[in-house]
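Protein chains in written order, with our numbering: chain B, 1 to 242; chain X, 243 to 696.
Note that the Cβ used here is the ideal one computed from N, Cα and C, for glycine as well.
All figures in this text were calculated on a predicted structure; none of them were measured in a lab.
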Amino acid sequence: MADSTGKGRGRSPEPRTTKTAMGATHDVQNFDVDSDEDKSALEEFFAPVAGFGVTMASLFRPVVTEQYPFEKKPTAPRYHGRHQLNRHPDGLEKCIGCELCAWACPADAIYVEAGNNTPDAQYAPGERYGKVYQINYLRCIFCGLCIEACPTRALTMTNDYELADTTREKMIFEKDQLLAPLRSGMLSAPHPMVEGTTDGDYYRGAVTGPTAEQVDWVREHRPEDPSLESAADPGRAQGGKR
Amino acid sequence: MSTPSSTSRPTATGPAGDTGGAREYTATGGDWDEISADAMANPDERIVVNMGPQHPSTHGVLRLVLEIEGETVTEARGGIGFLHTGIEKNMEYRTWTQGVTYCTRMDYVAPLFQEVGYCLAVEKLLDITDDVPERATLIRVMMMELNRVASHLIALGTGGNELGATTMMTIAFTAREDILKIFESITGLRMNHAYIRPGGVAVDLPPGATQMVREYIPQIRDRIGQLEKLSLKNPIFLGRLQGVGYLPLAGAMALGAAGPILRSAGLPFDLRKSQPYCGYETYDFEVPTHTDADSYARVVLRFKEMRESLKIVQQVLDRLEAQDRKGKHPVMVADKRIAWPAQLSVGSDGQGNSLDHIRQIMGSSMEALIHHFKLVTEGFRVPAGQVYQQIEHPKGVLGVHLVSDGGTRPYRAHFRDPSFNNLQTLGMMCEGGTIADVVVAVASIDPVMGGVDR
Ligand code: SF4
Ligand code: SF4
């Protein structure tokens with residue numbers, strides 16, 4: 001308490017005093033301090049200044065500091081980075097708007113609103129598609145429960161980690177930011193499913209790419225669509241059902 | 243303001259705002275010369291100083307209220323709560339599986355321990371402890387022991403940094419970086435992994451993981467050796483640590499301290515030995531103890547414990563590799579009503595559920611799909627009751643108390659965090675020493691405020 005003399009409590013009754021010999025710094029790099037035992041008398045003698053040996057050796061060790069952002073080191077393959085909404089090989093979106101990702105999210109970072117596919121606007125195989133899809137990266141903790149929950153592998157996590165931005169609004173990613181870019185040969189949605197297939201065929205991996213009928217449909221409805229060029233390329237292997 | 247009378251002399255822990263008529267000096271950007279001149283003019287020896295919560299040596303946001311006479315600390319109290327995050331309460335509103343993502347953030351320096359402790363507790367409540375696959379347990383042990391090394395490295399590195407030994411900090415963080423790289427390639431995250439799940443682990447080790455860990459171990463061990471050479475026999479280090487933060491066995495036990503603090507006083511108390519879990523009884527390792535009961539003894543113990551942990555890691559690796567040779571092993575309980583449906587694989591489009599799994603749940607098995615939906619939206623039910631599970635955390639005893647009302651969420655989740663209990667020893671360790679010793683004593687307790695405040 002206030003009138004404590006301050007003796008005896010904080011310090012141990014008999015502080016051990018260690019007399020140490022400051023010696024020369026040579027030949028200390030071969031020290032093995034792995035175990036306290038079996039150390040030679042010489043090593044014991046130089047132990048107090050062994051730190052100098054570490055310092056000297058450090059001069060010749062390669063630098064471990066990473067020069068980010070000038071040099072970007074790749075992350076581990078499993079790294080939990082920015083999300084991505086994927087597509088089927090024919091360009092239809094994989095997301096079916098089931099909201100499982102939003103249910104799984106412990107941080108309530110995902111907002112999904114499903115829409116109905118119609119013959120005129122078929123975005124995903126089956127009945128429904130993700131009409132509104134937002135991930136709030138101010139809430140997301142990158143735990144990955146959402147990708148584990150997604151039943152269609154529509155949602156995956158990429159290795160992209162540079163997500164900082166200047167406003168709160170910009171940190172809410174919309175569907176167009178999350179949607180995977182069309183790979184060469186894919187036809188942008190909406191367009192009908194490959195004729196004669198069910199959504200089950202898509203999940204079984206039976207659909208391999210857009211068919212001539214799908215290309216024609218898009219050409220008829222959206223003649224300006226830029227994805228037509230590569231999807232209609234005659235050199236490309238014909239898609240369809242396997 | 244008047245000179246305080248000796249009878250109404252306030253203590254550092256007196257009611258807030260009640261100065262008992264004592265003279266107060268507030269130093270917020272003012273002129274120190276004025277304040278010290280004023281203090282000289284009023285020769286009142288007793289000074290109460292707030293150290294923290296924004297002090298570099300208080301490990302985050304610990305507030306220390308120190309009553310000092312000259313350089314001597316006559317009374318020391320800790321003020322906590324600045325990092326309160328409401329994790330325990332939040333867990334009541336999340337499913338049992340989602341809880342992992344919360345509790346891992348308590349002691350963020352040792353996240354995997356909260357995960358394991360919590361999952362072991364949930365498994366006990368579900369009565370599936372024996373069903374957890376062997377491989378999951380092996381992975382848990384490996385991750386925990388690597389994490390123990392990382393946590394001790396932080397303790398030693400930041401502790402050294404506070405003494406001015408910046409090199410200790412840089413070397414310790416470099417060594418920890420190796421461990422974080424291992425974690426990143428296994429769990430996908432460097433901290434706060436949510437990798438351990440009730441019933442097993444989220445996903446099996448990636449190919450080549452055991453080999454990678456093996457390659458990192460010599461490097462980590464080498465860096466630990468460098469730290470030892472820098473510190474253990476260094477006269478300045480010895481002078482600062484020996485005999486400082488002294489807490490004998492009786493005091494440590496009375497205050498409920500555990501971990502290196504208790505073992506530094508001579509009691510070989512380690513739950514991995516005394517109440518084995520996760521198969522720790524099958525590993526060959528020692529519980530190092532010391533008898534000096536001071537800060538230096540705790541440093542020595544942490545060094546030794548790191549080496550013991552690496553020894554355990556090597557034994558786990560042997561067993562994991564023996565398993566690898568025999569084909570694939572499950573890492574999650576077989577019961578589909580409990581097993582969280584993660585079947586992750588990494589492809590060119592990133593990481594997500596494997597296409598095989600998609601084919602099964604969406605393409606062929608309606609039952610599998612129903613299980614998947616139920617588990618994700620609702621979670622699993624846990625029989626009503628309560629459970630207490632303890633594990634040996636790098637800082638001491640981590641206790642997890644879970645109460646279930648039979649629902650899909652905890653009725654109550656409480657964590658006995660070792661830093662919280664160990665922090666109570668602060669007064670005992672610091673009083674009677676000098677202010678400089680407070681820094682050393684706090685570093686030897688190694689409190690992580692995320693765990694203390696939860
Ligand atoms: S990573 Fe975790 S927090 Fe982020 S959106 Fe997915 S489930 Fe939510
Ligand atoms: S991303 Fe996956 S889980 Fe989320 S709504 Fe779309 S299909 Fe469902």
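Residues of chain B with a Cβ closer than 8 Å to the Cβ of X:Glu426 are, in chain order, Thr75, Ala76, Arg78, Tyr79.
With distances taken between CA atoms, B:Pro62 lies nearest to X:Thr416 out of X:Thr416, X:Leu491, X:Pro298.
Taking C-beta atoms as the reference points, X:Met548 and X:His394 count as a pair closer than 8 Å. Placement of the Cβ of X:Gly594 at a distance of 7 Å or more from every heavy atom of ligand 1 is found. Beta-bridge partners of B:Phe173 (DSSP): B:Ile135.
The DSSP-derived three-state label of X:Arg319 is strand.
About 5 Å separates the beta carbons of B:Ile172 and B:Asn136, which is inside the 8 Å limit, making them a contact pair. Using a cutoff of 7 Å, the CB of B:Pro151 counts as near ligand 2, since one of the ligand's heavy atoms is closer than that.
Classified as exposed, X:Met282 has fewer than 16 neighbouring CB atoms from the shown chains inside 10 Å of its CB. If you draw a straight line from the Cα of X:Leu362 to the Cα of B:Ser227, it is about 52 Å long.
With 16 or more neighbouring CB atoms inside 10 Å of its own CB, X:Glu317 falls in the buried class. If you look at B:Met157, you'll find it in the beta strand (DSSP E) that goes 155 to 157. Within the DSSP bridge table, the entry for X:Ile478 names no partner.
In this structure, the CA atom of X:Ser473 is about 42 Å from the CA atom of X:Asn332. When DSSP reads this structure, X:His656 sits in a beta bridge with X:His643. Take the alpha-carbon of B:Ala50 and the one of X:Asn476: they are about 8 Å apart. For the set X:Leu562, X:Phe662, X:Ser551, X:Lys546, the Cα lying nearest the Cα of X:Asn389 is the one of X:Ser551. Between the alpha carbons of X:Thr650 and X:Gly621 lies a distance of about 6 Å. In this structure, B:Glu93 places its C-beta atom within 8 Å of the C-beta atom of B:Gly130.
Within chain X, no C-beta atom comes nearer than 8 Å to that of B:Arg219; the closest sits roughly 27 Å away. Under the three-state reduction of DSSP output, X:Arg463 falls in the helix class.
Identification of chain X residues near B:Glu148 by a Cβ-Cβ cut-off of 9 Å yields Ala444, Val445, Trp582, Pro583, Ala584, Gln585, Leu586, Gly594, Asn595, Val618, ordered along the chain. Under the Cβ criterion (8 Å, minimum of three pairs), the segment 360 to 380 of chain X does not count as touching the segment 139 to 159 of chain B. By the 16-neighbour rule on beta-carbons within 10 angstroms, X:Asp647 is exposed. Proximity to X:Thr408 across X:Met604, X:Ser299, X:Ala507 peaks at X:Ser299, based on C-alpha coordinates. Across the segment 83 to 104 of chain B, CB contacts with chain X closer than 7 Å involve Gln84, Asn86, Leu100, Trp103, Ala104, in sequence order along the chain. Considering only X:Lys553, X:His614, X:Arg601, X:Cys672, the residue with the shortest C-alpha distance to B:Val207 is X:Arg601. Taking a C-beta distance under 8 Å as the contact criterion, X:Gln628 and X:Gly430 do not qualify as a contact pair. Under the DSSP assignment, X:Arg305 falls in the beta strand (DSSP E) whose first and last residues are 305 to 311.
Distances from the CB of B:Glu113 to the heavy atoms of ligand 2 are all 7 Å or more. Taking 8 Å as the upper bound for CB-CB distance, X:Ile370 and X:Gly441 are in contact here, some 7 Å apart. By the neighbour-count criterion, in which 16 or more other beta carbons inside 10 Å mark a residue as buried, B:Pro106 falls on the buried side. No heavy atom of ligand 1 is found nearer than 7 Å to the CB of X:Ile329. Burial state of X:Trp274 is exposed, judged by a 10 Å Cβ sphere holding fewer than 16 other Cβ atoms. X:Lys366 is outside the set of residues whose beta carbon lies under 8 Å from a beta carbon in chain B.
Counting C-beta atoms within 10 angstroms of its own C-beta, B:Met56 has fewer than 16 neighbours from the protein chains shown and is therefore classed as exposed.
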